[in-house]
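Numbering (my numbering) for the sequence shown: 1360 to 1561.
For glycine and all other residues, C-beta sits at the position ideal for the given N, C-alpha and C.
It should be emphasised that the depicted structure is a prediction, and the values quoted were computed from it without experimental measurement.
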Amino acid sequence: QQTGVEFLQYLSLVLGMTHLMFGMFLSGAHKWIHGQKMRAFWEDFTSHLLIGSALFIFAAPESMAKTATYILYGAIALAIWGKGYGNPWFIRPFAGALGLMNLGISMISNGLSYLRILALGLVTGALAMAVNQVAVEMGKLFPIWLAIPVIITIFIVGHLVSIALNTLGSFIHSARLQFIEFFSQFFEGGGRMFSPFSRQSS
């Protein structure tokens, strides 16, 4: 039903935004633990304040609508000032505005990537329905004593192939969401350049 599709769509977006915000929290927590408390607050935690205040506008009762709007304005100002962290004070607002735009674009693009969960669910159901329909239609071409084994064979083989394909697809797509959308929020490459063990000879 359409309501089920819409529910799965909203669920995918909510899970995606929660996953991304948790990655942003890990980024701030890593900086905070390593003594970069100001950088953690301005670069990462102000984003949580902004997103939280934006959600508060939709959840706030009518009597607090004006208060929620002022809170959102304050969160936007903090986010702009925070995203410009590390720049001179006269450049910081402009750098912060660009950083805030980049945050919005990345949240939208990364959040929409989680709609692949919806796509996987729809494809799984559609493929299962197609297998069932093919089995029934093929069974109509034969007498009853031959139609039953034909239907059972198509049903078993078709659904086994469907399960195998969707198992592989769910692994690939979940790995992509983890390594690209999620890890990009906090993971930074480090260490030292790889130098393979070898023996120098003259």
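Exercise for the section: Return yes when the Cβ of residue 1408 is within less than 8 angstroms of the Cβ of residue 1473, no when it is not. Expected result: No, the Cβ-Cβ distance between residue 1473 and residue 1408 is not below 8 angstroms.
Exercise for the section: Return the chain-ordered list of same chain residues with a C-beta closer than 6 angstroms to the C-beta of residue 1517, the five sequence neighbours on each side being excluded. Expected result: Result list for residue 1517: 1490, in chain order.
Exercise for the section: To the nearest angstrom, report how far apart residue 1496 and residue 1510 are at their CA atoms. Expected result: Their backbone Cα atoms lie some 9 angstroms apart in a straight line.
Handout entry: Secondary structure, alpha helix (DSSP H): runs of 4+ residues fully inside the region 1360-1447
Key = Here the runs fully enclosed are 1361-1392, 1396-1399, 1405-1418, 1424-1442.
Handout entry: Cβ contact (3+ pairs, closer than 8 angstroms) linking the region 1458-1476 and the region 1365-1382
Key = When C-beta atoms of the region 1458-1476 are compared with those of the region 1365-1382, three or more pairs fall below 8 angstroms, so the two segments count as touching.
Practice task
Could you have a look at residue 1555 and say whether DSSP puts it in helix, strand or coil?
Solution key: If DSSP states are grouped into helix, strand and coil, residue 1555 belongs with coil.
Problem - Same chain, Cβ closer than 7 angstroms to residue 1459, five either side skipped, listed in chain order - result: Within the same chain, residue 1459 has close Cβ partners 1438, 1439, 1442.
Practice task
Take the Cβ of residue 1303 as the centre, count every other Cβ of all protein chains shown within 10 Å, and call the residue buried at 16 or more, exposed below.
Solution key: The displayed coordinates of the chain run from 1360 to 1561. Any statement about residue 1303 would go beyond what the structure contains.
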